[in-house]
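Visitor: In my numbering, the protein residues as written are 3 to 177. In this text, a Cβ means the ideal position worked out from N, Cα and C, and glycines have one as well. A quick note: this is a predicted structure, and the numbers were derived from the prediction, not measured.
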Amino acid sequence: AFGAAGVLAFKNLTSAAMVQIQAEAQLRNAVENVGVSYESVEEHILAATSALQKKTNFGDEEQIKVLAQLIPMLGNVDDAMIALPAIMDVASATGRDMNSTVMSLGQAFAGVTPRVRGTTLDFTGMHTVTERVNATLDLYGGTAESVRDPTEQLSMAVGDLKEKMGEALLPSLLP
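1) Can you find the residues in the same chain that come closer than 8 Å, C-beta to C-beta, to K57, ignoring five residues on each side of it along the sequence?
2) For V104, which residues in the same chain have their Cβ closer than 7 Å to its Cβ, ignoring the five residues on either side in sequence?
3) Once you ignore the five residues that flank A183 on each side, which residues in its own chain have a CB closer than 7 Å to its CB?
4) Which whole-angstrom value is the C-beta distance of A93 and M100, which I expect to be below 8 Å?
5) Suppose the cutoff is 6 Å on Cβ atoms and the five residues either side in sequence are ignored; what does the same chain contact list for R117 look like?
6) Taking the alpha carbon of Q55 as the point to measure from, which residue in L175, V131, A110, A159 has its own alpha carbon closest?
7) Does the separation of the CB atoms of L15 and I66 fall below 7 Å?
8) Go through its chain and collect everything with a Cβ distance to Q2's Cβ below 7 Å, but skip five positions before and after it.
9) Taking L125 as part of the alpha helix (DSSP H), name the residues at either end of that continuous run.
10) Out of curiosity, what's the CA-to-CA distance linking A110 and P173?
11) How long is the line joining the alpha carbons of D80 and A112, rounded to whole angstroms?
12) What three-state label does DSSP hand R98 in the structure shown?
13) In or out: R119 buried (at least 16 other Cβ within 10 Å) or exposed?
14) Looking only at DSSP bridge pairs, what is R117 linked to?
15) Check T132 in the structure and name its three-state DSSP category.
16) Within the same chain, show all residues whose beta-carbon is closer than 7 Å to that of G77, passing over the 5 residues directly before and after it, in chain order.
17) Evaluate L107 with the Cβ neighbour count: other Cβ atoms within 10 Å of its Cβ, from every protein chain shown; 16 or more gives buried, anything less gives exposed.
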């Protein structure tokens, strides 16, 4: 029984670390595909997602995955970083997950469509990502922070601890 519990705990910890590693690998790929060195932006991105995790119910892995989708849509890292909080606010306001929110709102930020289904957002006449993000924040800004749940914060903190412990165990799994 102790052996089985140990194996399950080992798997749980290493799985948490792998989720983070895979999310960062997706992000690295997206960043480098737009011609930017991942190392030049890694610290900034990880610091920003960590800070946003502390203020919202969205974990850093979830944010990193959204950035990996936003960067190719918008064509650069800076616009994606500007858009991330707006994506979080709209997801919180509409009750949708961030993945479905980024699919609709990301296209609108990129100028593919002027309207966002399920919202009152209309970007007709707005030509830049910054204009569209600002219009979004005018309507939804601060929503993600206002619905912050302390129990979710605790869950994310435990998840981060599991990631750190799992990172230490990963070398025993990987060649």
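Guide: Considering the structure as presented:
1) A146, E147, R150
2) V68, Q71, L72, I89
3) Any property of residue 183 remains undetermined from this structure, which presents the chain solely from 3 to 177.
4) 5 Å
5) D124
6) A159
7) no
8) Since the first residue of the chain shown is 3 and the last is 177, residue 2 is not available in this structure.
9) The residue you asked about is not Leu; residue 125 is Phe in the sequence shown. From DSSP, F125 is part of no alpha helix (DSSP H); its letter is neither H nor E.
10) 42 Å
11) 13 Å
12) coil
13) exposed
14) D124
15) helix
16) V36
17) buried
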